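Participant: Numbered per the numbering used here, the sequence shown spans residues 28 to 377.
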Amino acid sequence: MSSLPVLSLKRRGSELANAKRQVELLERPSELARFDDVLSAHQIPPLEADGIEILQVNVGKLCNMTCQHCHVDAGPDRKEENMDLATVDLCLDALRNSSIKTLDLTGGAPEMNPHFRYFVTEARKLGVHVIDRCNLTILLANGFKDIPDFLAENEVEVVASLPCYLEENADAQRGDGAFRKSIEALKLLNDRGYGRADSKRMLTLVYNPVGPSLPPDQQQLENQYRDVLSREYGIQFNRLFTITNMPISRYLDFLLESGDYESYMQKLIEAFNPTAAAGVMCRKMLSVGWDGRLFDCDFNQMLELPTTADQPRNIRDFNAEVLGKRSITTGRHCFGCTAAAGSGCLGATA
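Right under this line is the structure:
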């Protein structure tokens, strides 16, 4: 049996304690509605998986950025939490022995994992569509400037974070200078055929609200992005995803520090949409942590809420048939995916 990477006991204890703290905060105050109760009130049964179409793999929390809205709490100091080659191979085995057709690589900055290129090329040999969730600025960093060519050669879909088409708003979330670097990186991708309607090289942008608010209409915002980015910078892209900021990790801390936590949660609850609930990403996706543990979604992963006890909990025990019918672990954070037009790794769900 392959050994999986082990985090230092001190760091692991701190991570577990922080996740427990977040879950406890999310479940308070008791006056706020609970997610399963709202499902029941709308006569929606408890969430269950309906097959696995996407294997989303967090290959590590190492990142060249420290963004305010990051639910992963990624950054340059997370060097220990990087997926090793043995775990990458277990993920590839899962793809090889199932009908899953999409591999969604996330992080941190997934490109910073030393096995990123291997993971991508081996998955493409299996005929799997690969998504790289890219922060864009990594494409300009020393040691990674070949990544745009690599992505293009392998026809990897780039899902790129650009929280606003206005420089001031984008830099407020991601740090001074991040917007200009992102524009430069987008031009590099455009030069390699990304973003054109007639190209197999898909470029998707991702919007996150700057403050404690819900995203606007996805199609209308896409039109605004397209107009401004084309007119001001000559940038082309294929589509835009709007994603609600999840009340976990750094964003939860931001809400607490600003005194907006309860009002933001109430806003999410009041905007609950049964149609969005029916389309939540966890019903078609399985999330794999950097250490091989299995979760219903990336958000549950950050809250240390694994698959239920009767399910496989590690990629080495992967069973597509069993996991494709699993009950999904929910909590109050799930309101973030079911508010208004819904939110998921593939944008609006309703």
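Ideal Cβ positions, reconstructed from N, Cα and C, are used throughout, including at glycine. Note that the coordinates shown come from a computational prediction; the quantities given were computed from them, not determined experimentally.
Does DSSP put residue 108 in a helix, a strand or coil?
Facilitator: Position 81 of the sequence shown, counting from 1, holds the residue named residue 108. Here residue 108 sits in coil by DSSP.
Participant: Does DSSP put residue 183 in a helix, a strand or coil?
Facilitator: If you number the sequence shown from 1, residue 183 lands on position 156. In this structure, residue 183 counts as coil in the three-state DSSP scheme.
Participant: Mind checking whether residue 376 and residue 364 have CB atoms under 9 Å apart?
Facilitator: Within the sequence shown, residue 376 is the residue found at index 349, counting from 1. Within the sequence shown, residue 364 is the residue found at index 337, counting from 1. Going by C-beta atoms, residue 376 is nearer than 9 Å to residue 364.
Participant: Could you tell me which residues DSSP pairs with residue 320 in its beta bridges?
Facilitator: Counting from 1 along the sequence shown, the entry for residue 320 is found at position 293. According to DSSP, residue 320 bridges with 341.
Participant: With DSSP collapsed to three states, give me the class of residue 83.
Facilitator: Within the sequence shown, the letter at position 56 stands for residue 83. Residue state, collapsed to three classes: strand.
Participant: Kindly indicate which three-state DSSP category residue 74 falls into: helix, strand or coil?
Facilitator: Mapped onto the sequence shown, residue 74 falls at position 47. Here residue 74 sits in coil by DSSP.
Participant: Label residue 251 either buried or exposed according to how many other C-beta atoms from any shown protein chain fall within 10 Å of its C-beta, with 16 as the threshold for buried.
Facilitator: Position 224 of the sequence shown holds residue 251. Classification for residue 251: exposed.
Participant: Helix, strand or coil: which one does DSSP assign to residue 299?
Facilitator: Counting from one through the sequence shown, the residue named residue 299 turns up at place 272. Residue state, collapsed to three classes: strand.
Participant: Short check: CB of residue 79 to CB of residue 127, under 9 Å?
Facilitator: Position 52 of the sequence shown, counting from 1, holds the residue named residue 79. Position 100 of the sequence shown, counting from 1, holds the residue named residue 127. A contact, by the Cβ cut-off of 9 Å.
Participant: How would you call residue 353, buried or exposed, if buried means at least 16 neighbouring beta carbons within 10 angstroms?
Facilitator: For this step, residue 353 is matched to residue 326 along the sequence shown. Residue 353 is buried by the Cβ-count criterion.
Participant: Helix, strand or coil: how does DSSP classify residue 335 here?
Facilitator: Residue 335 sits at position 308 when you count from the first residue of the sequence shown. DSSP places residue 335 in coil when its eight states are reduced to three.
Participant: Could you check whether the segment 195-211 touches the segment 285-294, counting it as contact only if at least three pairs of C-beta atoms, one from each stretch, sit closer than 8 Å?
Facilitator: Short answer: they don't touch.
Participant: Can you name the residues that DSSP bridges to residue 268?
Facilitator: For the purposes of this step, residue 268 is identified with residue 241 of the sequence shown, where counting begins at 1. Answer is 233.
Participant: Does DSSP put residue 275 in a helix, in a strand, or in coil?
Facilitator: Sequence index remark: in the sequence shown, residue 275 carries index 248 (1-based). If DSSP states are grouped into helix, strand and coil, residue 275 belongs with coil.
Participant: From residue 306 to residue 220, what distance separates their C-alpha atoms?
Facilitator: Along the sequence shown, one-based indexing puts residue 306 at 279. Along the sequence shown, one-based indexing puts residue 220 at 193. If you take the alpha carbons of residue 306 and residue 220, they lie about 31 Å apart.
Participant: Looking at the structure shown, is residue 178 part of a helix, part of a strand, or coil, going by DSSP?
Facilitator: Translated into positions along the sequence shown, residue 178 becomes position 151. Three-state result, residue 178: helix.
Participant: Run through DSSP, which three-state label would residue 29 get?
Facilitator: On the sequence shown, residue 29 is found 2 positions in, with the first residue counted as 1. Low local confidence applies: a pLDDT of 41 at residue 29 is under 50, so the model's placement there is unreliable, with the coordinate-based value given in what follows. Coil.
Participant: Just the C-alpha distance for residue 344 and residue 294, rounded to the nearest angstrom, thanks.
Facilitator: Here residue 344 refers to the residue found at position 317 of the sequence shown. Here residue 294 refers to the residue found at position 267 of the sequence shown. For residue 344 and residue 294, the distance between alpha carbons rounds to 39 Å.
Participant: Look at the alpha carbon of residue 315 and the alpha carbon of residue 372, and state the distance between them as a whole number of angstroms.
Facilitator: As a first step, residue 315 is located in the sequence shown; it is residue number 288 there, counting from the start. As a first step, residue 372 is located in the sequence shown; it is residue number 345 there, counting from the start. Roughly 14 Å between the two C-alpha positions.
Participant: Give the straight-line distance between the Cα atoms of residue 141 and residue 72, rounded to the nearest whole angstrom.
Facilitator: In the sequence shown, the residue the question calls residue 141 occupies position 114. In the sequence shown, the residue the question calls residue 72 occupies position 45. If I take the Cα positions, the gap works out to 42 Å.
Participant: Return the CA-CA distance between residue 91 and residue 67, expressed in angstroms with no decimal places.
Facilitator: Start at 1 with the first residue of the sequence shown, and residue 91 comes out as number 64. Start at 1 with the first residue of the sequence shown, and residue 67 comes out as number 40. Straight-line Cα distance between these residues: approximately 42 Å.
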